[in-house]
Amino acid sequence: METRVCRTCGALLPVSSRPPRSKTPKKEKKKKTKPVKERVHEYIKAKGEESEKLELHEIPKEDEKQ
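Each residue of the sequence shown is one higher than the last, beginning at 806 in the numbering used here.
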C-alpha cells in the first residue's frame with residue numbers, strides 16, 4: 806500500500822487505490838456556417854428589404870365638416 810506523508814506535520818495521508826478517470830474528448834456538433842461573403846450579402850439584402858417596408862406614405866386626411 807502506498808502512502809504519502811505531510812511535509813509539515815508528518816501525518817500519513819490517504820491515497821486512493823482507484824485508477825484516475827480517463828478523460829475522453831467530447832463530441833462537438835458541427836455548426837453549419839456560410840462563408841463570410843454570403844452572410845454579409847444576406848445582411849445587406851435584409852437591411853435593404855427593411856427600408857423598403859418602412860417607407861411611410863402620407864395618409865390623406867378626410868375633410869373636416871364645418
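Virtual Cβ for every residue (Gly too), placed ideally from N, Cα, C.
Residues of its chain near residue i, where Cβ-Cβ distance is below 7 Å and the 5 sequence neighbours each way are ignored
i, result
"leucine 817", "Thr808 and Val810"
"valine 820", "Glu807, Thr808 and Arg809"
"cysteine 814", "none"
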